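Single-structure report; data block below.
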Amino acid sequence: MAAVVRSTWVQGEVLTNHQWTARLFSLRIKVPLMPFKAGQFVRLQLPIEQGGKSVLVAKPYSLLNAPDDTDVAEIFYNTVPGGLLSQALATLRSGDIVDVSQPASGFFVLDEVPAAQHLWLMATGTGLGPYLSILKTAQVWERFEKVILVHGVPLRTELVYADLIQAFATQHPPQFQFISCVSRDSNPNGLEGRMTTHLASGALERKAGVSINPSTTHVMLCGNHNMLNDMKNSLSERGLQRHLRHKPGHITTEQYF
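The sequence shown begins at 13 in this note's numbering and counts up by one.
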């Protein structure tokens, strides 16, 4: 029987808290990380004043850095109206202290993905984070002939990490392709409208030049529950089923709230 690894809290020091838009931030924290797999998450914790007293509030966030980068934790997050922790995180500045759980955990990793010819990485909003960690590893490029990253956002200004994504495209042509979907704005370099609509219409496949079918495809989905449900329904119409350890399939999911 494998030993149970219990999590603990480690103090980290904020290096930068970069603000991309009014609600999107990237937090870099100097903290010694235990070994982790790309796609896993840690919990961040802060003391927050609530009802006249200080309360510790914690929430999970995926690591964006590569597994061999263990000196700094990078987190891509959005502020939520009324969200105690996200609003507090947005106020952090260089030198501030935040608790980070160790070790990282979660099963949204390539080790859990069965063999396939093509890997689709589909995300909405900050669900992009774990994919950027995965794309920094050698494993993803060694296992799949085609890797298609799809990012859906409301506004074009929320298509962040553009330089990093372009670096993947430059390093791995023609193996890698990026498709952006913008639902409330123009999008000259991608698709306009929701990702779910473009999957149902076939526009995603036409843009990628790659079909989605059970014989060649595995899809990883990361985002809010509405997106996950809609995408799973559309994919099931094509014969793709949820992947489980005891029942191999074609769809692996991670829900962001």
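A virtual CB, placed ideally from N, CA and C, is assigned to each residue, including glycine.
As the structure is a computational prediction, the values presented were derived from the model and not from experiment.
Collapsed DSSP secondary structure at residue i in the structure displayed
{"i": "Asp121", "result": "It should be pointed out that residue 121 corresponds to Val in this sequence rather than to Asp. The answer is coil: DSSP assigns Val121 none of H, G, I, E or B."}
{"i": "Thr91", "result": "coil"}
{"i": "Met134", "result": "strand"}
{"i": "Ile146", "result": "helix"}
{"i": "Leu216", "result": "helix"}
{"i": "Ser223", "result": "coil"}
{"i": "Glu157", "result": "coil"}
{"i": "His262", "result": "coil"}
{"i": "Met46", "result": "coil"}
{"i": "His255", "result": "coil"}
{"i": "Leu68", "result": "strand"}
{"i": "Thr169", "result": "helix"}
{"i": "Gln151", "result": "helix"}
{"i": "Gly202", "result": "coil"}
{"i": "Thr208", "result": "helix"}
{"i": "Leu233", "result": "strand"}
Whole-angstrom C-beta distance between residue j and residue i, which should lie under 8 Å
{"i": "Val194", "j": "Leu161", "result": "Actually they do not touch by this definition, with Cβ atoms about 15 Å apart."}
{"i": "Gly139", "j": "Cys234", "result": "4 Å"}
{"i": "Arg206", "j": "Gly164", "result": "7 Å"}
{"i": "Phe48", "j": "Leu75", "result": "6 Å"}
{"i": "Ala50", "j": "Ser145", "result": "4 Å"}
{"i": "Val152", "j": "Leu131", "result": "7 Å"}
{"i": "Lys244", "j": "Arg257", "result": "At roughly 18 Å, the Cβ-Cβ gap does not stay under 8 Å, so Lys244 and Arg257 are not in contact."}
Cβ neighbour criterion (16 or more within 10 Å) applied to residue i
{"i": "Arg40", "result": "buried"}
{"i": "Thr182", "result": "exposed"}
{"i": "Phe120", "result": "buried"}
{"i": "Leu68", "result": "exposed"}
{"i": "Met46", "result": "exposed"}
N-terminal and C-terminal residue of the beta strand (DSSP E) that residue i is part of
{"i": "Arg40", "result": "Leu36 to Lys42"}
{"i": "Asp111", "result": "Ile109 to Gln114"}
{"i": "Arg55", "result": "Phe53 to Gln62"}
{"i": "Thr27", "result": "It is Leu, not Thr, that sits at residue 27 in the sequence shown. That run of the beta strand (DSSP E) goes Thr20 to Gln31."}
{"i": "Gln189", "result": "Phe188 to Val194"}
Span of the alpha helix (DSSP H), counted from its first residue to its last, around residue i
{"i": "Leu97", "result": "Leu96 to Leu101"}
{"i": "Lys244", "result": "His237 to Ser248"}
{"i": "Ala181", "result": "Ala174 to Gln183"}
Any non-hydrogen atom of the ligand SAH closer than 7 Å to residue i Cβ
{"i": "Leu131", "result": "By its list of ligands, the structure shown contains no ligand whatsoever, and the ligand SAH lies outside what it can speak to."}
Other residues of its chain near residue i: CB distance less than 6 Å, five sequence neighbours each side excluded
{"i": "Thr265", "result": "Leu233 and Leu240"}
{"i": "Phe188", "result": "Val159, Phe180 and Ala181"}
{"i": "Asp197", "result": "Leu167 and Arg168"}
Nonlocal neighbours in the same chain, by C-beta distance under 7 Å from residue i, ignoring five residues either side
{"i": "Asn199", "result": "Arg168 and Ser192"}
{"i": "Ala215", "result": "Leu203"}
{"i": "Phe53", "result": "Pro72, Tyr73, Ser74, Leu75, Ala116, Ser117 and Gly118"}
Own chain partners of residue i with C-beta closer than 8 Å, once the 5 adjacent residues on each side are dropped
{"i": "Asn90", "result": "Arg35, Leu36, Phe37, Ser98, Gly137 and Thr138"}
{"i": "Arg250", "result": "Ile224, Asn225 and Pro226"}
{"i": "Asp242", "result": "Thr208"}
{"i": "Arg105", "result": "Val26 and Asn29"}
Test: residue i CB closer than 8 Å to a CB of chain B
{"i": "Pro185", "result": "Given the protein chain composition of this structure (a single chain), no chain B is represented."}
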